[in-house]
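First comes the structure, then the notes that go with it.
In my numbering, the protein residues as written are 550 to 716.
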């Protein structure tokens with residue numbers, strides 16, 4: 550048997566090592582490709598999969614929000630509400646634990662009153678002229694991790710919010 554350097558590359562051990570190296574390299578390329586696809590799809594920030602909505606079972610409450618955002622980023626929490634009695638002031642309650650992860654930059658329309666009720670903040674708005682009202686919260690994420698909460702109107706109308714905030 551020849552002990553030349555070329556023969557050493559043809560040994561079974563060298564071929565096994567080469568096959569493993571090729572498999573690891575391909576797995577790395579697939580992993581990078583999946584990461585790029587996830588980012589483009591919105592799983593790491595803005596994109597088609599990052600936006601979602603949640604609503605009440607009767608359809609009178611709908612909340613639009615981003616599933617994924619990053620700490621320090623501004624996001625919107627858009628609430629669409631159908632009132633059973635348009636002459637009454639709409640009252641929207643949001644979990645205080647959820648809101649602790651954000652700073653509230655703006656609320657449109659401006660609430661007439663904000664009341665702390667136990668573990669919730671209640672936003673009271675002026676009676677709208679129409680039976681449907683759109684409320685927008687501009688929030689800036691101050692913490693990171695999974696955040697969940699509920700938006701409530703009345704005694705039984707609720708919508709759930711779940712977001713993941715990247716550092």
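Even for Gly, the Cβ is constructed at its ideal location relative to N, Cα and C.
Residues sharing a beta bridge with residue i, DSSP
{"i": "residue 653", "result": "688"}
{"i": "residue 607", "result": "According to DSSP, residue 607 bridges with nothing at all."}
{"i": "residue 697", "result": "711"}
{"i": "residue 627", "result": "613, 685"}
{"i": "residue 671", "result": "642, 664"}
{"i": "residue 586", "result": "DSSP, once it has assigned bridges, lists no residue as partnering residue 586."}
{"i": "residue 702", "result": "641, 706"}
{"i": "residue 602", "result": "613"}
Assigned secondary structure, residue i (DSSP; H/G/I helix, E/B strand, else coil)
{"i": "residue 570", "result": "helix"}
{"i": "residue 640", "result": "strand"}
{"i": "residue 665", "result": "strand"}
{"i": "residue 619", "result": "strand"}
{"i": "residue 632", "result": "coil"}
{"i": "residue 563", "result": "helix"}
{"i": "residue 580", "result": "helix"}
Contact under 8 Å by Cβ, residue i with residue j
{"i": "residue 709", "j": "residue 699", "result": "yes"}
{"i": "residue 620", "j": "residue 674", "result": "no"}
{"i": "residue 598", "j": "residue 612", "result": "no"}
{"i": "residue 702", "j": "residue 640", "result": "yes"}
{"i": "residue 642", "j": "residue 670", "result": "yes"}
{"i": "residue 630", "j": "residue 681", "result": "yes"}
{"i": "residue 589", "j": "residue 596", "result": "yes"}
{"i": "residue 564", "j": "residue 712", "result": "no"}
{"i": "residue 645", "j": "residue 668", "result": "yes"}
{"i": "residue 636", "j": "residue 697", "result": "no"}
{"i": "residue 607", "j": "residue 706", "result": "yes"}
> Is the number of C-beta pairs between the segment 594 to 606 and the segment 649 to 665 that are closer than 8 Å three or more?
Replying inline: Because the criterion of three Cβ pairs below 8 Å is not met, the segment 594 to 606 and the segment 649 to 665 do not touch.
> At a cut of 8 Å, does the segment 644 to 656 reach the segment 676 to 690 through at least three beta carbon pairs?
Replying inline: Judged by Cβ distances under 8 Å, the segment 644 to 656 makes contact with the segment 676 to 690, as three or more pairs qualify.
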